[in-house]
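In the numbering used here, the protein residues as written are -6 to 209.
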């Protein structure tokens, strides 16, 4: 099928690459050059999104801790649910506090921080205080060591060990050790009730990538 421009007065833009390197895209009359940095030419991505170059254009993806179509990104309140890809992983003796782009596990009164997910019990004594190690740790409360291997083999793909055999996976991965890529294009993205069920805008195709996806 011969390609005909709808507006014959609009010429294709000049290309910086040699003619042998230029390629065509189905549905497009103009040719393109490989490896063009479309993001550097200007983009409309939200300030909390990352611009990603595709073959013929750029796309926007909300950063971790945010949700939306990339052009508009809203903060995800991880404290509304526990566990999973979009929930918090604060353990007992802590309170989840939502912050822009993430969350923090705040120690309850009478407890002191052990790590970013756990707090140990702190007992007040006359003129001083004492600390007790959390379950799974041994020591005097001021120095606590793990009594067993927390996450055998470690957590993969940027995951963090939050407890005994419990990996908190980075966005885009799941599994006991965060070894499995999440196919965001195959299932709806958990979001607030008013959010769309597809990660892409209507009539846009979703393409899955390791730990992420893009819309085209």
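Glycine included, every Cβ here is placed at the ideal spot set by N, Cα and C.
Three-way DSSP call (helix, strand, coil) for residue i in this model
i: residue 177; result: coil
i: residue 126; result: coil
i: residue 99; result: strand
i: residue 105; result: strand
i: residue 23; result: coil
i: residue 32; result: helix
Anticipated Cβ contact below 8 Å, residue i with residue j, distance rounded
i: residue 57; j: residue 66; result: 11 Å between Cβ atoms; not a contact.
i: residue 86; j: residue 112; result: 4 Å
i: residue 30; j: residue 48; result: The pair is not a contact, with the Cβ atoms about 12 Å apart (cut-off 8 Å).
i: residue 44; j: residue 55; result: Actually they do not touch by this definition, with Cβ atoms about 11 Å apart.
Residue i burial status per 10 Å Cβ neighbour count (16 or more: buried)
i: residue 145; result: exposed
i: residue 231; result: It is not possible to answer for residue 231, since the shown part of the chain is limited to -6 through 209.
i: residue 40; result: exposed
i: residue 16; result: exposed
i: residue 42; result: buried
i: residue 246; result: Absent from the model: residue 246. The displayed extent of the chain is -6 to 209, so no value can be given.
i: residue 62; result: buried
i: residue 177; result: buried
According to DSSP, residues forming a beta bridge with residue i
i: residue 67; result: 60
i: residue 54; result: 43
i: residue 81; result: 75
i: residue 166; result: 174
i: residue 153; result: 161
i: residue 201; result: 206
i: residue 90; result: 97
Requested in this report: Count the C-beta pairs between the stretch 159 to 179 and the stretch 196 to 205 that are closer than 8 Å, then say yes if the count reaches three, no if not.
Outcome: A contact exists between the stretch 159 to 179 and the stretch 196 to 205.
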